[in-house]
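Numbers 26 to 357, taken from our numbering, label the letters of the sequence shown in order. To start, the structure itself, in C-alpha cells.
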Amino acid sequence: MEYRSLGSTGLKVSVLGFGCGAIGGLLVRGSYPDVRATVARAIELGVTYFDTASLYGNGQSEANLGAVLRELGEAEGGRVIVGTKVRLGADAAGRISAAVTASVEGSLRRLGRESVDLIQFHNRMGAVSRPAQDTWSVADLLEVAATFQRLREQGKVRFWGFTGLGDSGAILAALQTGQLHSIQSCYNLLNPSAGRAVGPAGGSDFPYENYSQAIDVAGANGVAVIAIRVLAGGALAGTLDRHPVAAPTPNPIGSATDYASDVAHAQRFRFVVDEGHADSLAEVAIRFVISHPAVSTALVGTSNQPQLEAAVAAVERGPLPAPLLARIAAVR
Ligand SMILES: NC(=O)c1ccc[n+]([C@@H]2O[C@H](COP(=O)([O-])OP(=O)(O)OC[C@H]3O[C@@H](n4cnc5c(N)ncnc54)[C@H](OP(=O)(O)O)[C@@H]3O)[C@@H](O)[C@H]2O)c1
Numbered sequence: 026m027e028y029r030s031l032g033s034t035g036l037k038v039s040v041l042g043f044g045c046g047a048i049g050g051l052l053v054r055g056s057y058p059d060v061r062a063t064v065a066r067a068i069e070l071g072v073t074y075f076d077t078a079s080l081y082g083n084g085q086s087e088a089n090l091g092a093v094l095r096e097l098g099e100a101e102g103g104r105v106i107v108g109t110k111v112r113l114g115a116d117a118a119g120r121i122s123a124a125v126t127a128s129v130e131g132s133l134r135r136l137g138r139e140s141v142d143l144i145q146f147h148n149r150m151g152a153v154s155r156p157a158q159d160t161w162s163v164a165d166l167l168e169v170a171a172t173f174q175r176l177r178e179q180g181k182v183r184f185w186g187f188t189g190l191g192d193s194g195a196i197l198a199a200l201q202t203g204q205l206h207s208i209q210s211c212y213n214l215l216n217p218s219a220g221r222a223v224g225p226a227g228g229s230d231f232p233y234e235n236y237s238q239a240i241d242v243a244g245a246n247g248v249a250v251i252a253i254r255v256l257a258g259g260a261l262a263g264t265l266d267r268h269p270v271a272a273p274t275p276n277p278i279g280s281a282t283d284y285a286s287d288v289a290h291a292q293r294f295r296f297v298v299d300e301g302h303a304d305s306l307a308e309v310a311i312r313f314v315i316s317h318p319a320v321s322t323a324l325v326g327t328s329n330q331p332q333l334e335a336a337v338a339a340v341e342r343g344p345l346p347a348p349l350l351a352r353i354a355a356v357r
C-alpha cells in the first residue's frame, strides 16, 4: 500500500480510502459481522483512512465504524485516521457555530471517541448564502472553520476541510483562504475536470459540471485532496447491476443526468481492459484517480469484502502509465 501526505497536516494516509457512506452501503446496511470482517481486512491490507459522516445511515455508519475500531483495538491517535462530516440544515442559518458544535459532539458520541482526526463541512458551496437551497457561501464556511478551530482547542478535532461540490468559483475561493486543511473533490474518468482542463461547462466538448481544476488549486495551496465518486457511484464498474447492500441507483454527481447513461459512457474506457492494461473497468477508474499526484487518498465505497480486495489490488498496481493517461484524456 502506498501512503501519501494528507496535505500540510503532517498525517499520512493510504492512497486507498475506505468509504463508509450509503452508496457502497456496507457500513450502513451491512450485517455487523460483515462490517467487522471487511474493516479488519482493510486494515490488514494497509488501509488507514476511513471516511464517514453524521448523515450516513443517520449516524449508523459512525456507530458501526466506532464500534469496529474499538473491537479491533485501533486506538485514537494511532495508525487509523478517521474523517467525519457536519451537514447543516437550513435551520442552522444564523447559529452556525452552535449547530456545528452540536453535530461534532454527536459524531464523537456515536464514534465513541474523544477526538476525530478530520472533520469536514458536508454542504454545497455557492456564490451567495442560500441555506434553504443547501447553498453556503465562503463566509459561512469560514464561520464553520472558526468553530472547528475552537473545537480543536477543546481537543475534539485535529484538522478540517470541506466538500468541493457546488459553485466552482466559491470552491476555488475557499481553497485559497488558508483556513482549510482538506477538500473532498469529485474526480473520475467521466468527469476529470477537477484534475485537468476541459472545455467550458455545458459546451459540446465537455457537457458536465466543470470543477475548474480544484485539485490542482488545492495542491498548490497545501490543501489535502480526498477524491470522491472515484467509481461514479458504481457506474464505472460498467454494469447496471447493484449489490444488495448498495444504494439502488445513485444519482450521478457532476456527470450524466442518470445512472444508466454514466454506465453507457463508462464503456468508452473499456479499451484499456481489452488491450490488457487492467483486469476491469473498476481497476482502470481507481488507478486513473491515484495517477493524479495531488490526490492524497481515493475513497471507494464498498458493498462487500471482495470489492475491497479488488480496490486494494487496483491501487497495488499503481498509477496508470503516462501514454495511457494521454489516450484516456483524448476520449470523447
Ligand atoms: N463529501 C461528500 O459529499 C461525498 C459524496 C460522495 C461520496 N463521499 C464518500 O465517498 C465514498 C464513496 O462513495 P461514492 O459515492 O463516491 O461511490 P463510489 O466509490 O464512486 O462507488 C461505489 C460503488 O462502486 C461499486 N464498487 C465498489 N468497489 C468495486 C469494485 N472493486 N469493483 C466493482 N465495483 C465496485 C459498488 O457498486 P455495487 O455495490 O452496486 O457493485 C459501490 O456501491 C462514500 O462512502 C463517502 O465516504 C463523500
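Cβ atoms here follow ideal geometry from the backbone N, Cα and C, with glycine treated the same way. None of these values were measured; they are calculated from a predicted model.
A Cβ-Cβ distance of about 7 Å is found for the pair Gly46 and Ser86, placing them in contact under the 8 Å criterion. Proximity of the beta carbon of Val325 to ligand 1 is indicated: a heavy atom of the ligand is located closer than 8 Å. Looking from the CA of Asn89, the closest CA among Ala65, Val60, Glu99 belongs to Val60. Cβ neighbours of Ala310 within its own chain (closer than 7 Å, five residues either side excluded): Asn213, Leu214, Val255, Leu256, Leu261. Bounds of the beta strand (DSSP E) holding Val111 are 106 to 111. In this structure, the alpha-carbon of His290 lies about 19 Å from that of Gly220.
Taking 8 Å as the cut-off, the C-beta of His290 does not count as close to any heavy atom of ligand 1. Around the Cβ of Tyr233, a 10 Å sphere holds 16 or more other Cβ atoms; the residue is buried. Relative to the Cα of Val141, the nearest Cα in the group Pro277, Gln174, Ile48 belongs to Gln174. Between the stretch 316 to 335 and the stretch 67 to 83 there are three or more C-beta pairs closer than 8 Å, enough to call the two in contact.
For Ser30, the enclosing beta strand (DSSP E) stretches over residues 28 to 30.
Counted as a single uninterrupted DSSP element, the alpha helix (DSSP H) harbouring Thr172 occupies residues 163 to 178.
The residue from Gly191, Thr126, Pro344, Leu200 with its alpha-carbon nearest to that of Met150 is Gly191. Short note on Ser207: C-beta not closer than 8 Å to any heavy atom of ligand 1.
Annotated as proximal: Val356 and Arg293, with beta-carbon spacing under 9 Å. Relative to Phe231, the option among Gly258, Val242, Ser280 whose CA is nearest is Ser280. The beta carbons of Val111 and Val169 sit closer together than 9 Å. Counting only runs of at least 4 residues, the stretch 191 to 263 fully encloses the following alpha helix (DSSP H) elements, listed from N- to C-terminal order: 193 to 200, 239 to 245. DSSP places Arg183 in the uninterrupted beta strand (DSSP E) bounded by 182 to 188.
Under the DSSP assignment, Ser86 falls in the alpha helix (DSSP H) whose first and last residues are 85 to 96. Taking 3 residues as the shortest admissible run, the stretch 54 to 81 contains the following complete beta strand (DSSP E) segments, listed from N- to C-terminal end: 74 to 76. C-alpha of Gly244 to C-alpha of Gly32: approximately 7 Å in a straight line. Taking C-beta atoms as the reference points, Thr274 and Val40 fail to come closer than 9 Å. Asp283 carries a coil assignment under DSSP once its states are collapsed to helix, strand and coil. Fewer than three Cβ pairs drawn from the stretch 183 to 190 and the stretch 123 to 138 lie within less than 8 Å of each other, which leaves the two stretches out of contact.
When C-alpha distances from Leu113 are compared across Ser328, Lys181, Thr126, the shortest belongs to Thr126. Arg352 is the residue among Ala319, Gly103, Pro318, Arg352 whose C-alpha sits nearest the C-alpha of Glu300.
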